[in-house]
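Remarks on the structure that follows.
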Amino acid sequence: MEQLRFIMQYIKRHKWQYIGGIVTLFILDFANLYIPKVTGIITDGLAAHTIDKNGVLKNIGIILAIGFTLAVGRFLWRYFIFGASRSIEHEIRDNMFAHLETLDVEYYNEHKTGDLMTRFTSDLNAVRMAIGPAVIAAFDAIVMTVMVIGQMMVYVNVKLTLVAIIPMVFIAIGELYFGKIMQKYFLERQDAVSELTDFVQESFSGVRVVKAFVRERSQIKAFAEANAKAKTKNLKIAKLQSIVMPLLDVVIGISSLITLLYGGYLALSGEITIGRFVAFNQYITMLVWPMLACGEAINMFSQGGAGIRRIQEVFEEQPEIADRADVEAVDRIKGDIRLNHLTFIHRGHSEPTLKDINLDIKAGTTLAVIGRTGNGKSTLVNLLLHLYNTKPGMIFIDGKDINSIPLKALRENIAYVPQDNFLFSDTLKSNIAFGTDDEEMEEIIRATKIACIHDNIIDFPNGYDTIVGERGVTLSGGQKQRSSIARALKKDAPILILDDALSAVDTDTEEQILKNLKENRCGKTTILIAHRISTIQNADIILVLEDGEARECGNHKELMELGGIYKDMFEKQQLEAAKNLALSAT
Ligand SMILES: Nc1ncnc2c1ncn2[C@@H]1O[C@H](COP(=O)(O)OP(=O)(O)O)[C@@H](O)[C@H]1O
Ligand SMILES: [Mg+2]
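Reminder that position 342 of the sequence shown reads as 582 in my numbering, one-by-one numbering, no gaps.
As structure tokens, then:
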């Protein structure tokens with residue numbers, strides 16, 4: 241079993257805890273057995289008048305001592321085994337998170353947050369139940385059953401025992417059979433729970449859109465559907481369980497009946513004493529709980545198995561983007577970038593997003609990329625960050641193939657402002673210091689001043705300690721963009737990429753930021769992606785992307801002289817600006 245192998249590697253690390261717990265359990269069950277025996281002795285003694293008051297007291301003393309041992313033992317095995325299962329849960333959770341951090345963005349494009357969250361919560365919980373309480377229940381049940389049956393045979397009567405336990409064999413077979421079906425049902429249920437979690441997560445993240453489009457009702461309806469689906473799956477499990485329980489009762493009832501009839505007959509015929517008959521009846525009731533426990537354990541094992549399967553799926557996923565064996569250590573990148581017939585197809589697309597792009601820029605150049613949306617601008621910079629794989633020989637940084645540069649070194653040398661500027665729900669200070677380990681105030685302020693956000697921040701009541709809402713919702717679009725720019729500038733990397741990062745910033749501030757960048761990024765490479773020509777017209781090289789092809793390339797003057805797409809765009813935007821100016825004048 242794959243699942244078993246997976247979990248055993250963790251259990252092995254805690255084997256002493258498990259051994260300790262199981263040994264305690266063993267001792268406990270042994271102690272437990274003496275209670276009926278002592279009761280039997282007292283009963284027989286009283287019946288035959290061979291026991292006096294002191295004898296009874298002595299035996300009661302023994303029962304008390306056993307009770308005390310039981311209490312201590314119960315604490316110990318809980319401590320050992322629950323402790324181990326909690327530790328393993330913690331280790332798996334740590335490992336799973338660490339593993340997920342290594343996976344590519346592509347993985348996250350294809351897997352939903354809610355689904356991953358479910359694996360961290362309810363699946364992991366099911367695993368913990370299977371390696372904690374279920375282990376105890378199963379061992380306890382097996383040990384108890386074997387010992388009790390042994391006692392019944394030795395102390396009371398072999399024939400009576402055999403007759404009484406025959407019905408119980410059916411339970412064991414039935415439980416194994418139901419366990420298999422159960423695991424299938426649990427997998428289905430977990431998938432439904434994942435879907436539900438996904439829905440909730442997305443609905444809450446998108447609450448602003450939902451409200452703006454007055455979609456609350458349809459959201460409630462869709463939620464109710466997902467919720468009902470989860471309920472159906474849960475009911476399916478409950479139905480199966482509710483068949484098992486009464487069956488168990490029937491079997492136990494039959495056993496008791498047989499004991500009474502056959503045991504009574506044996507007692508009457510003098511083959512066993514009344515005391516042993518009494519003890520036997522106690523033994524039979526002692527078998528009820530192991531039977532129930534076994535059922536519960538199988539239940540928990542099935543759930544845990546399903547949980548492990550879903551957790552394993554995460555671990556089986558391997559990053560496609562990883563350092564090749566022949567990467568060369570790089571410390572500081574200079575910032576030369578060369579694209580050589582760069583062609584790239586997104587997964588699931590048939591047409592290339594980028595087609596045969598050639599470009600050669602030296603460190604210190606400001607490169608602008610312009611083009612309509614969907615023309616591959618963001619894809620191009622994602623490739624420079626090696627977020628997607630490209631064939632060897634297509635992208636060179638400092639003359640080295642990008643595939644031969646360690647990922648860590650590459651990304652440490654690139655400061656990136658993504659198009660969807662994500663901020664964490666933390667203080668502005670921590671958000672800006674994010675790319676680095678220290679929270680040097682001086683450095684942060686240097687960056688925020690370049691990004692023209694410093695004055696805004698100090699105007700906030702809490703200044704740099706202002707907590708931004710989830711994904712930065714409490715900031716305006718322009719403030720968010722400028723905070724993201726500051727975060728990138730704090731890194732002071734040889735390559736800076738601004739992916740449409742000034743779109744929500746007014747033109748005056750934009751001009752100021754561009755001026756600051758020019759002063760501060762002397763000798764370093766900067767890549768600007770924008771829609772507005774005003775943003776990029778002073779760039780050293782402007783690349784015009786159209787349908788994924790590099791249609792035009794040159795500086796502003798050259799492109800204007802060329803009289804192509806760029807000039808066309810420029811004139812349209814000029815006209816637009818003049819119109820706006822005229823409108824605002826009236
Ligand atoms: N992760 C992705 N998987 C598949 N296709 C993608 C992905 N990201 C972008 N695309 C596609 O690639 C094309 C270019 O997108 P993008 O680079 O974001 O354009 P731009 O930044 O110029 O607006 C689009 O057609 C888009 O649908
Ligand atoms: Mg884009």
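Glycine included, every Cβ here is placed at the ideal spot set by N, Cα and C.
Alpha carbon to alpha carbon, how far is Ala565 from Asn643? 10 Å
Can you tell me the Cα-Cα spacing of Asp740 and Arg333, whole angstroms? 37 Å
For Ile767, which beta-bridge partners are listed by DSSP? Leu607 and Ile737
Which residues does DSSP list as the beta-bridge partners of Cys793? Leu783
Among residues of its own chain, excluding the 5 on either side of Asn795, which ones have a beta-carbon nearer than 8 Å to its beta-carbon? Ala779, Asp780, Ile781 and Ile782
How about Glu816 and Gly804: do their beta carbons lie closer than 8 Å? no
So does Arg587 have its beta carbon nearer than 7 Å to some heavy atom of ligand 1? yes
So does the stretch 439-456 actually touch the stretch 361-376, counting three or more Cβ pairs closer than 8 Å? no
Neighbourhood of ligand 2 [Cβ distance below 7 Å to any heavy atom], ordered by chain position: Thr613, Lys617, Ser618, Gln659, Asp739, Asp740 and Ile769
With H, G and I counted as helix, E and B as strand and the rest as coil, what does DSSP make of Lys595? strand
Using the C-alpha atoms, what's the distance from Pro559 back to Thr342? 6 Å
Please list the terminal residues of the continuous beta strand (DSSP E) segment that includes Val657. Ile654 to Val657
Straight-line Cα distance separating Leu508 from Leu501: 11 Å
So if DSSP puts Arg772 in a beta bridge, which residue, or which two residues, is it bridged to? DSSP output for Arg772 lists no bridge partner at all.
What residue from Phe555, Asp576 and Asp284 has the CA that sits closest to Thr765's CA? Asp576
C-alpha gap between Asp641 and Lys574, whole angstroms: 14 Å
Can you check which of these residues, Glu435, Ile707 and Phe315, is closest to Gly354 by C-alpha distance? Glu435
Please name the residue in Ala687, Leu416, Ala726 and Tyr258 whose C-alpha comes closest to that of Tyr319. Tyr258
I'd like the ranges of any beta strand (DSSP E) spanning at least 3 consecutive residues and lying wholly in the stretch 531-607. 577-584 and 594-601
So, Phe662 versus Arg722, is the Cβ gap smaller than 8 Å? no
Do the stretch 355-365 and the stretch 419-436 meet, that is, are 3 or more Cβ pairs less than 8 Å apart? yes
What is the DSSP secondary structure of Ile645, counted as helix, strand or coil? coil
Residue span of the beta strand (DSSP E) that contains Phe810, given as start and end: Not the beta strand (DSSP E): Phe810 falls in the alpha helix (DSSP H), residues Ile805 to Ala825.
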